[in-house]
Structure formats: C-alpha cells, structure tokens
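Trainee: Under the numbering used here, think of the first position of the sequence shown as 7, with each following residue one higher. Don't be surprised by glycine CBs; every beta carbon is placed ideally from N, CA and C. Below is the structure I would like to discuss, written out as structure tokens.
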Amino acid sequence: MFTEPRIGELKKKGWIEVVCGSMFSGKTEELIRRLRRAQLANQRVEIFKPMIDTRYSEEEIVSHNANAIRSTPVENSQNILLMVEQGAEVVGIDEAQFFDLELIQVCQKLASRGTRVIVAGLDMDYLGQPFGPMPQLMAVAEYVTKVQAICMVCGDLASHSFRKVAQNEKVLLGEKESYEPRCRSCFNTGMKVSG
C-alpha cells in the first residue's frame, strides 16, 4: 500500500547550476551573489577553488570587482568530496575549468545527496575550444547561465577570452595584461593576426 511521505520525511533534492562565460564576464561575481544569498537564508554553504588560483587571494574567491568570499583551496576535485561536511546544503566551486574531469562525478554525487552545487568557470580556453570539465558539467547541469563581457575591440557582447601574450600553455593565469574579452568576429580576426 502506498502512503504519502510526511513533510519531515521528504528527501531533499539537489541539483547542479553552472555559470560560464569568458574572462571579465562576471562569472565569479554571480557565484558570490548566489552563495551570499544562500548564506542569508541560513543555509550551510561550503566553497572551494583550485589551489593553483592564487591571483587575488590564496583562501578567498575574489571577483574582478574585488568582492570576496572565503573558500577552501583544493588540489583536485576528489578533495572536495572528502572535505564537504555532513549537512552542507550548498557547495560553490569557482574556476572549474582548472579541475580534472572527475569534477563531473563529484558534482553529480553531491547533487544526488541533495546538495545544491553551483559551479563557475570559463567555458572556452584561449583558442576558443571547450575548456576542461566545463562542457560535460553544462550537459549534466539542471541550470546553465552564460554571461557575456563587452568586446574590448568593438563594444559588442563578448563570449571569447583573447590571449594578448605569446604563450602556448593551456593554463596561463593572468588578468587584463594577458587577456581581453572579445566577440566572435574580433576574436577570429585577432587569432588570424597572431596565428
């Protein structure tokens, strides 16, 4: 015989949210905004970032607008699973493109446990190619928000991160001295000139 669960017996539902876009598009700003709202709602929030991202702070996620929120730097995605405390309701992850592909399973496990997982990262690398685990995370996420910057060449909406320095490493931490947001057309023109 089927009986409806009582309110206290309902299993909480988790999900994955992805905030993606180019550099200088406001990804981290949006992540911080969502995490702060969860904190204001008295939800138990835990925040992680890759250990290699030390541009602004070793233990904080910091947006280009200098908004910051405390985080835990981790070496790889499995460490997130090991470090999430029992009862965490919201898990935030910044700079997801720098994590290994295991991040996809980590996020899915957390969501299956009933956790709201909010992930922010670059969807494309400096060559305009899908970056790290981001494409797969976007595919399995319930919610995807793609934010745009402003093209520094023509002023249109920008979805690409154009590398201004002659470096071929896939991962090159940098700011405005190394990268600028560009629209598709200006990005392609720049790649032809620098290629």
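Helix, strand or coil for MET202? Go by DSSP, reduced to three states.
Mentor: Missing from the structure shown is residue 202; the chain here goes from 7 to 201 and no further.
Trainee: Return the residue from the list VAL150, ARG76, ALA117 that minimises the CA-CA distance to ALA126.
Mentor: For the purposes of this step, residue 126 is taken as residue 120 along the sequence shown, with counting starting at 1. With distances taken between Cα atoms, ALA126 lies closest to VAL150.
Trainee: Name the residue from ARG122, THR195, ARG188, LEU37 whose alpha carbon lies nearest to the alpha carbon of GLY93.
Mentor: By one-based count along the sequence shown, residue 93 stands at place 87. The residue with the shortest Cα to Cα distance from GLY93 is ARG122.
Trainee: Which residues in the same chain as THR195 place their Cβ atom closer than 7 Å to its Cβ, once the five residues preceding and following it in sequence are excluded?
Mentor: For the purposes of this step, residue 195 is taken as the residue at position 189 of the sequence shown. Closer than 7 Å at the Cβ level, and outside the excluded window around THR195, lies no residue.
Trainee: Mapping DSSP to helix, strand and coil, what is ILE58?
Mentor: Walking along the sequence shown from the start, residue 58 turns up at place 52. Reduced to three states, the DSSP call for ILE58 is coil.
Trainee: Which runs of the beta strand (DSSP E) fall wholly inside the stretch 76-123 and span at least 3 residues, in chain order?
Mentor: Runs found: 78-80, 96-99.
Trainee: On the three-state DSSP scale, how would you describe GLN45?
Mentor: Here residue 45 refers to the residue found at position 39 of the sequence shown. Three-state result, GLN45: helix.
Trainee: From ILE124, ASP129, ARG169, pick the residue whose C-alpha is nearest to that of GLU148; which is it?
Mentor: In the sequence shown, counting from the first residue as 1, residue 148 sits at position 142. Residue ILE124 is the option with its Cα nearest to GLU148.
Trainee: Quick one: Cα of LYS33 to Cα of VAL153, how far?
Mentor: Taking the first residue of the sequence shown as position 1, residue 33 is located at position 27. Taking the first residue of the sequence shown as position 1, residue 153 is located at position 147. LYS33 and VAL153: Cα-Cα distance of roughly 7 Å.
Trainee: Check each candidate in ALA117, VAL97, GLY120, SER83 and name the one with the smallest Cα separation from LEU109.
Mentor: On the sequence shown, position 103 is the one that residue 109 refers to. The shortest C-alpha separation from LEU109 is found at SER83.
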